[in-house]
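For the sequence shown, full-length UniProt numbering begins at 1 and goes up steadily by one.
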Amino acid sequence: MNTLQISIYTLAFLIALALLFDFMNGFHDAANAIATVVSTGVLKPQHAVAMAAFFNVIAIFFFQLKVATTVGKGTIEPAVVDHYVVFGALVGAIFWNVLTWYYGIPSSSSHALIGGLVGAAVAKAGTSSLISSGLIKTISFIVLSPLLGFVFGTIMMVLVSWLFVRSTPQRVDKWFRRMQLVSASMYSLGHGGNDAQKTMGIIWMLLIAAGYSTASDPLPMWVVLTCYAAIGLGTLFGGWRIVKTMGQKITKLKPVGGFCAETGGAITLFLATGLGIPVSTTHTITGAIVGVGSSRKMSAVRWGVAGNIVWAWVFTIPASAFVAAIAWWVGTKIL
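Set out below in structure tokens:
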């Protein structure tokens, strides 16, 4: 691809904007990792976010950078990428995150970013700029990640019910209050491993376009470190509007249910990150929570709330793509 003439100030501004998105990703999606452990009363909110932030950051030691590669090289054609496309993508994603956070809707930061990339790239060069294989893999997991979360959450709940069938409710509650600390930690680890890499992919894309890196070079370590730090800081601030929706409005959870939902979600995230697929931690944990609730009885799930969340999922990519296309045009005038 041709090297672009991007001033160092524009490059620094766009990297800062990407890190702002990463911070908001942690802020917006903190609820995914801590909602169940807070709602069941196992941890106080400030302790839960500190734990989640810690495991978000140490994910750097556990996962290869396959998701960053998918976002950075496998979503839109590298030749199309310039600072206007990156600006449009980030503005579209940040707009959708702020809107859904304000209304307490647990939408997907991941798919907002993908939608932003698609909208900005199509605005510049049409649909031929999209890499269908990478997009199909990502979009298919809009359905598969909550489905896998649902399946694994249900399996965990049924398995635990059989194993502890002779135990008293008090004993089960006491045991799983401890076990939920482990499951929440593993979910936070999976969240950091998958979500931080999406912003790495955006910055990597920008560095390659500006000629500061090549497609064959490894991802610079400073990008890895700053992205993990940004998502960790965002998680520390938490998104309490969404915690309430995720933790109590979908279904009432006890520690055993929280453990099963988080474990089912963590298994899904570990699988997707290992395959290099950018998935929604929001979709995953929502599916797992619904699976846990429906394993008791279908009426335990507030299907109206779950339905509203699904509508937010449906609109995420087109809405962020639309805003990104407008932002791309604005970026060509001001950058």
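Glycine is no exception: its CB is placed at the ideal position from the N, C-alpha and C atoms.
*Considering Ser145, what are the terminal residues of the alpha helix (DSSP H) in which it resides?*
Your numbering for residue 145 matches position 145 in the sequence shown. Per DSSP, Ser145 belongs to the alpha helix (DSSP H) from Ser132 to Leu163.
*asked:* Just to confirm the assignment, what range does the alpha helix (DSSP H) spanning Ser109 have?
replied: Numbered from 1 along the sequence shown, position 109 holds the residue referred to as residue 109. Where Ser109 is concerned, the enclosing alpha helix (DSSP H) stretches over Ser109 to Ala125.
_How far does the alpha helix (DSSP H) with Asp173 in it extend, from its first residue to its last?_
Along the sequence shown, read from residue 1 onward, the residue named residue 173 stands at position 173. Its alpha helix (DSSP H) spans residues Pro169 to Ala209.
*State buried or exposed for Gln170, treating a residue as buried only when at least 16 other CB atoms are found within 10 Å of its CB.*
For the purposes of this step, residue 170 is taken as the residue at position 170 of the sequence shown. Exposed, since its Cβ has fewer than 16 Cβ neighbours within 10 Å.
*Just how far apart, CA to CA, sit Met205 and Ile142?*
Within the sequence shown, numbered from 1, the residue matching residue 205 stands at position 205. Within the sequence shown, numbered from 1, the residue matching residue 142 stands at position 142. Cα to Cα, Met205 sits roughly 23 angstroms from Ile142.
*asked:* Less than 9 angstroms between the C-beta atoms of Ser140 and Trp313, yes or no?
replied: Your numbering for residue 140 matches position 140 in the sequence shown. Your numbering for residue 313 matches position 313 in the sequence shown. It is not a contact, given that the beta carbons lie outside the stated cut-off.
*Between the Cα of Ala121 and those of Lys333, Ala321, Ile334 and Val330, spot the shortest distance and give me the residue it belongs to.*
The residue given as residue 121 occupies position 121 in the sequence shown. The option with the nearest alpha carbon to Ala121 is Ala321.
*Can the beta-carbon of Ala53 be found less than 9 angstroms from the beta-carbon of Leu233?*
Within the sequence shown, numbered from 1, the residue matching residue 53 stands at position 53. Within the sequence shown, numbered from 1, the residue matching residue 233 stands at position 233. Yes, they are a contact pair.
*asked:* Please return the same chain residues whose Cβ sits closer than 8 angstroms to the Cβ of Thr70, not counting the five positions on each side in sequence.
replied: As a working mapping, residue 70 is identified with position 70 in the sequence shown. Closer than 8 angstroms at Cβ, skipping near neighbours: Gly134, Lys137, Thr138, Gly201, Gly276, Ile277 and Pro278.
_Where Ile289 sits in the DSSP three-state scheme_ = Counted from its first residue, the sequence shown places residue 289 at position 289. It is helical.
_For a quick check, are the C-beta atoms of Ser294 and Thr127 less than 9 angstroms apart?_
Residue 294 sits at position 294 when you count from the first residue of the sequence shown. Residue 127 sits at position 127 when you count from the first residue of the sequence shown. Going by C-beta atoms, Ser294 is not nearer than 9 angstroms to Thr127.
*Range covered by the alpha helix (DSSP H) that runs through Leu99*: Locating residue 99 in the sequence shown gives position 99, counting from the first residue. That run of the alpha helix (DSSP H) goes His83 to Tyr102.
*asked:* According to DSSP, simplified to helix, strand and coil, what is Ile250?
replied: In the sequence shown, counting from the first residue as 1, residue 250 sits at position 250. Low per-residue confidence applies at Ile250: pLDDT is 49, beneath 50, and the placement is therefore not dependable, though the value from the model is reported in the following sentence. Reduced to three states, the DSSP call for Ile250 is coil.
*By the 10 Å Cβ neighbour count, where 16 or more other Cβ atoms means buried, how is Arg178 classified, buried or exposed?*
Here residue 178 corresponds to residue number 178 of the sequence shown, with the count starting at 1. By the neighbour-count rule (16 or more Cβ atoms within 10 Å), Arg178 is not buried but exposed.
*In the DSSP assignment, what are the bridge partners of Ile277?*
Position 277 of the sequence shown, counted from the start, is the residue given in the question as residue 277. DSSP lists no partner for Ile277.
*Would the C-beta of Phe152 count as close to the ligand ZN, meaning under 8 angstroms from any of its heavy atoms?*
The ligand ZN is absent from the structure shown, which contains no ligand whatsoever.
*To the nearest angstrom, report how far apart Val42 and Thr284 are at their CA atoms.*
Residue numbering aside, residue 42 sits at position 42 when the sequence shown is read from its first letter. Residue numbering aside, residue 284 sits at position 284 when the sequence shown is read from its first letter. Cα-Cα distance, rounded: 21 angstroms.
*Pull up the distance between the alpha-carbon of Ser145 and that of Phe13, whole angstroms please.*
On the sequence shown, residue 145 is found 145 positions in, with the first residue counted as 1. On the sequence shown, residue 13 is found 13 positions in, with the first residue counted as 1. Each residue's Cα considered, the two are about 33 angstroms apart.
*Inter-residue spacing [alpha-carbon to alpha-carbon] between Glu77 and Phe270*: Working through the sequence shown from its first residue, we reach residue 77 at position 77. Working through the sequence shown from its first residue, we reach residue 270 at position 270. So the alpha carbons of these two residues sit roughly 27 angstroms apart.
*Consult DSSP for Ile105 and reduce its assignment to one of helix, strand or coil.*
Against the sequence shown, residue 105 aligns to sequence position 105. It is coil, neither helix nor strand.
*Assuming Ala324 and Gly116 form a contact by the criterion Cβ under 8 angstroms, report the distance between their Cβ atoms to the nearest whole angstrom.*
On the sequence shown, position 324 is the one that residue 324 refers to. On the sequence shown, position 116 is the one that residue 116 refers to. Going by Cβ atoms, the distance from Ala324 to Gly116 rounds to 4 angstroms, so yes, they are a contact pair.
*Applying the criterion that 16 or more other CB atoms from any shown protein chain within 10 Å of the CB defines a buried residue, is Tyr9 buried or exposed?*
Your numbering for residue 9 matches position 9 in the sequence shown. Result: exposed.
_Quick check on Trp222: buried or exposed, where buried means 16 or more other Cβ atoms within 10 Å of its Cβ?_
The residue labelled residue 222 in the question sits at position 222 within the sequence shown. The residue in question, Trp222, is exposed, as its Cβ has fewer than 16 Cβ neighbours within 10 Å.
*Drop a sphere of 10 angstroms on the beta-carbon of Lys333, count the other beta-carbons inside from all chains shown, and report buried for 16 or more, exposed for fewer.*
As a working mapping, residue 333 is identified with position 333 in the sequence shown. Answer is exposed; the Cβ neighbour count stays below 16.
*asked:* Does Tyr102 pass the burial test, meaning 16 or more other C-beta atoms within 10 Å, or should it be called exposed?
replied: Working through the sequence shown from its first residue, we reach residue 102 at position 102. So Tyr102 ends up on the exposed side.
*Which one of Gly192, Gly104 and Met51 has the shortest CA to CA distance from Phe61?*
By one-based count along the sequence shown, residue 61 stands at place 61. Taking only the C-alpha atoms, the option nearest Phe61 is Gly192.
*The alpha helix (DSSP H) with Thr69 in it runs from where to where?*
Counted from its first residue, the sequence shown places residue 69 at position 69. Per DSSP, Thr69 belongs to the alpha helix (DSSP H) from Lys66 to Lys73.
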